[in-house]
Amino acid sequence: MIGRNADEGDPMKNKIIVAGVAALMLAGTGLPTLMAQDRVVATDNVKDPAAQAQAAIDRALDYLKSKQKPDGGWHGEKEPPGITAIVLRAYARAGRQDESVRKGFDKLLSHQLESGGIYRDMLANYNTAIAISALAASNNPAYRQRMDKAVAYLRSLQWTDKIEGLPNNAKVEDDKDPRFGGFGYGSKARPDGSNTQMALEALYEAGLDKNDPAFQNALKFITRMQNLSETNDQPWAGNDGGAIYTPANNGESFAGEYTDASGRRMLRSYGSMTYAMLKSFIYAGLTKDDPRVKAAWEWITRNWTLEENPGMQAAGPENARHGMYYYYMTLARALDVYDQPLITDPQGNKHDWRVELIAKLLSLQKDDGRWEGEQRWMEDNPVITTAYVVLALQDAVKDLKEHPVQRP
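Its first residue numbered 253, the sequence shown is counted upward by one per residue in this note's numbering.
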């Protein structure tokens, strides 16, 4: 193996749960079994969620194959190679190893530079991180050396007191700097939660231990993303437990900001970053008992929805559905690694996130197998959104195998 396989287990514990005996094993661990007496929200259009999700995945992969370019990639001459990487990751996790996939990896690796980075011109972290995740998912020993070189390069992009080449000779003096531990789009872009979670996922899947300095330094940055004044030393930190986009530059949130009753500037939490934060906490070794994880989970239970990116509407109704497919992908990975099949909302309704997510995504799939979103953040590109959804469905199916749904 060259990295962690997507089906190898989750970072909170090594789960070895065979579907046929899952209920018995879960009963002894304190994890929830999905029994008939649970008041679970119904999803009438999904009778066999794993099988229906797999059928949708197969149709989507066929669609993506039809969009492969003659040179083996899925990105155009003016597009980032990360597009090809995210498609290859979906194929690799599906166990596809045919000639078209091999050509895709050849094209992706043609962008690897002497530094180890896998990108073209810009967005060094973004592209390299996604490429590492694809290489790790391939489980191909032939790519090990190339992946290790990319990992070393990715680590060099983390904002610590050792980072070099910042604009205007800027420095990160120590871990008191709110940028400390984060990753940005490239070596000179200020760090943010989205790029940080992608980098950490890549490093995790490449096999780095949770105690590695890359994870522990990132933990300082992720903690400063959270609206939790108990653990966040930033002046804008609230207490709802959700996450903002970045603590850099005195904090930024795509959900906007407001002034509280005391006149203090506050930043709004929103869904995609809260899920990104939750899974990053887990990659860094935090457990469910940690107050940061508890607060993030409580925010999720209060704001459970698949109809919008929760929190974003506060910045204007037109923003509510921006980045929805990224939201679905991030949500699925975070909830899979958190290892909790049911979400109980404030009204006491239990939501099986796997079944509800599958039902939602099936309802959005086009006849040719693709998904397509809004223009912002490139989600009008069906290759990108379709790959996002395949990854989300793969995480949902993986979790269903570990925790089967118990029907009446």
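Ideal Cβ placement from N, Cα and C applies to all residues, glycine included.
For residue 510, the uninterrupted beta strand (DSSP E) run begins and ends at 509-511, by DSSP. Using a Cβ-Cβ distance cut-off of 8 Å, the region 338-353 and the region 371-391 are in contact, since at least three pairs of beta carbons, one from each stretch, lie closer than that value. In the structure shown, residue 471 falls within a helical segment according to DSSP collapsed to helix, strand and coil. Here the alpha carbon of residue 447 sits roughly 16 Å from the alpha carbon of residue 415. Partner residues in the beta bridge of residue 596, as assigned by DSSP, are 602.
Per DSSP, the unbroken beta strand (DSSP E) holding residue 518 starts and ends at 517-519. The three-state reading of DSSP puts residue 435 in strand, counting E and B together. DSSP, reduced to helix, strand and coil, places residue 374 within a strand of the structure shown.
When C-alpha distances from residue 432 are compared across 368, 482 and 486, the shortest belongs to 486. Counting along the chain, residue 547 sits inside the alpha helix (DSSP H) bounded by residues 543-554. Here the C-alpha atom of residue 578 lies approximately 19 Å from the C-alpha atom of residue 376.
In this structure, the beta-carbon distance from residue 411 to residue 434 falls below 8 Å. By the CB criterion at 8 Å, residue 333 and residue 395 fall outside the cutoff. Of all alpha-carbon atoms in 473, 407 and 464, the one lying nearest the alpha-carbon of residue 426 is that of 473. For residue 535, the closest C-alpha among the options 469, 476, 492 and 598 is that of 469. Close CB contacts of residue 551 within its chain, under the 7 Å cut and outside five residues either way in sequence, are with 492, 493, 494, 521 and 526 (chain order).
With 16 or more other CB atoms across the displayed protein chains lying within 10 angstroms of its CB, residue 402 is buried. Within the same chain, Cβ atoms closer than 8 Å to the Cβ of residue 533 are found at 471, 474, 542, 544, 545 and 548, the five residues on either side in sequence being excluded. The three-state secondary structure of residue 522, taken from DSSP, is strand. Under the DSSP assignment, residue 424 falls outside any alpha helix (DSSP H); it carries neither an H nor an E label.
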